[in-house]
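Enquirer:
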Amino acid sequence: MEYRIKAQNRGNEKPAQLRDAGKLPGVLYNKKENRKVVVELKEFNKVFMGAGIHHVITLELEDGQTVDTLVRQINLDKRRRRPDHVDFYALSDEPVLMYVPVKIVGTATGVRMGGVLQLVNNDIQVKVSPKNIPDSIEVDVSALNIGDSLHMSDLKLPQGVTLAMNAGDTVVAIVPPEDAEKLTAEAASPTEVEVIKKGKTEEEKA
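No gaps in the numbering here: position 133 of the sequence shown is 262 in my numbering, and each next residue is one more.
#1: Report the option in D216, P287, A293, L248 whose CA atom is closest to the CA atom of L226.
#2: Helix, strand or coil: how does DSSP classify K171 here?
#3: Use the C-beta contact count for L188: other C-beta atoms within 10 angstroms, 16 or more gives buried, fewer gives exposed.
#4: Specify the secondary structure class of N163 as computed by DSSP and reduced to three states.
#5: For D264, tell me which candidate among N141, Y228, G155 has the shortest Cα-Cα distance.
#6: With a 10 Å radius around its C-beta and 16 neighbouring C-beta atoms as the bar for buried, classify T198 as buried or exposed.
#7: What is the residue span of the beta strand (DSSP E) that Q194 lies within?
#8: Quick check on the DSSP output: the beta strand (DSSP E) that includes T291 runs from which residue to which?
#9: Could you tell me the distance, in whole angstroms, from the CA atom of G235 to the CA atom of V304?
#10: May I have the straight-line CA-CA distance separating M281 from K232, to the nearest angstrom?
#11: Closer than 6 angstroms by C-beta to V196: which residues in its own chain qualify, once you throw out the five before and the five after it? Chain order, please.
#12: Rounded C-beta distance between P306 and G244? I'm assuming under 8 angstroms.
#13: Span of the alpha helix (DSSP H) holding T236?
#14: Nearest to G297 by alpha carbon, out of L279, R209, L246, S221?
#15: Does A314 come out as helix, strand or coil in the three-state DSSP assignment?
#16: What ranges does the alpha helix (DSSP H) occupy inside the region 229 to 288, keeping only unbroken runs of at least 4 residues that lie completely in it?
#17: Taking all protein chains shown into account, decide if A145 is buried (16 or more other Cβ within 10 angstroms of its Cβ) or exposed.
#18: Can you tell me which of the three DSSP states G297 falls into?
#19: Quick one: is G151 buried, meaning 16 or more other Cβ sit within 10 Å of its Cβ, or exposed?
#20: Between R377 and I203, what straight-line distance do the alpha-carbon atoms span, to the nearest angstrom?
#21: Taking all protein chains shown into account, do 16 or more other C-beta atoms lie within 10 angstroms of the C-beta of V168, making it buried, or fewer, making it exposed?
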């Protein structure tokens, strides 16, 4: 699926004024360029809900130029609970570091025997050319029994995709029911995990 957002170059408008007008200020950058841009907040929220940090978002600039990007960071307004600044990384032909979601394939033998599948890493960090970014990385768990696990080194990565994490890290494990209940109890009051990052506001960056 293709994700696109209309963007404009930003002048000297104050970020607070843009936000009050329903717009989201941001930057478009890579090693060669750094420019201020602005997008419609509603449009961004709609596109980002589908694309997230895993998929390319094409910015349609007002001069007719299009730029393929990845969202690298979103600053969150804690009071309003909405984005107040976004960083778009402009892609080139150079490989980039990014996270690709895990897609579980098959039903583990251990699950059929009463075990519970624990997905330890939902996303895998890889280094890949923008032209070869996979939608997901498939992990076949069919052969796993209770007590078995798969590690990063066991992954069959698509051609052109290189692992950028510790090869010994666990991706998925099949645990006994009692261990799963213990892990569930420990996670009864989890802290909120947000894809949106809380960072310095644009005013603080200036």
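Even for Gly, the Cβ is constructed at its ideal location relative to N, Cα and C.
Expert: Short version:
#1: Your numbering for residue 226 matches position 97 in the sequence shown. The option with the nearest alpha carbon to L226 is A293.
#2: Residue numbering aside, residue 171 sits at position 42 when the sequence shown is read from its first letter. Annotated three-state conformation of K171 is helix, per DSSP.
#3: On the sequence shown, residue 188 is found 59 positions in, with the first residue counted as 1. Buried is the call here.
#4: Residue 163 sits at position 34 when you count from the first residue of the sequence shown. Three-state result, N163: strand.
#5: On the sequence shown, position 135 is the one that residue 264 refers to. Minimum Cα distance to D264 is reached at Y228.
#6: Numbered from its first residue, the sequence shown carries residue 198 at position 69. Around the beta carbon of T198, 16 or more other beta carbons lie within 10 angstroms, which makes this residue buried.
#7: Start at 1 with the first residue of the sequence shown, and residue 194 comes out as number 65. If you look at Q194, you'll find it isn't in any beta strand (DSSP E); DSSP assigns it neither H nor E.
#8: Stepping through the sequence shown from its first residue, residue 291 is reached at position 162. Start and end: 290 to 292.
#9: Residue numbering aside, residue 235 sits at position 106 when the sequence shown is read from its first letter. Residue numbering aside, residue 304 sits at position 175 when the sequence shown is read from its first letter. In a straight line, the C-alpha of G235 is about 17 angstroms away from that of V304.
#10: Walking along the sequence shown from the start, residue 281 turns up at place 152. Walking along the sequence shown from the start, residue 232 turns up at place 103. Annotation: M281 to K232 spans about 14 angstroms, alpha carbon to alpha carbon.
#11: Position 67 of the sequence shown, counted from the start, is the residue given in the question as residue 196. Close CB contacts of V196 within its chain, under the 6 angstroms cut and outside five residues either way in sequence, are with L188, A219 (chain order).
#12: Residue mapping note: residue 306 aligns to position 177 of the sequence shown, counting from 1. Residue mapping note: residue 244 aligns to position 115 of the sequence shown, counting from 1. The C-beta separation of P306 from G244 comes to about 7 angstroms, placing the pair in contact by the 8 angstroms criterion.
#13: Numbered from 1 along the sequence shown, position 107 holds the residue referred to as residue 236. Unbroken run through T236: none, as it is neither H nor E.
#14: Here residue 297 refers to the residue found at position 168 when the sequence shown is read from its first residue. It is L279.
#15: The sequence position of residue 314 within the sequence shown is 185, counting from 1. In this predicted model, A314 has a pLDDT of only 48, less than 50, meaning its place in the structure is not dependable enough to derive any value.
#16: If we require 4 residues or more, the alpha helix (DSSP H) runs fully inside the region 229 to 288 come out as 238 to 241.
#17: What you label residue 145 is simply residue 16 of the sequence shown in a count that begins at 1. The residue is exposed, with fewer than 16 neighbouring Cβ atoms inside 10 Å.
#18: Mapped onto the sequence shown, residue 297 falls at position 168. Coil.
#19: Against the sequence shown, residue 151 aligns to sequence position 22. Flag for G151 reads exposed.
#20: Since the displayed the chain opens at 130 and closes at 335, residue 377 lies outside it and no answer follows.
#21: As a working note, residue 168 is residue 39 in the sequence shown. Classification for V168: buried.
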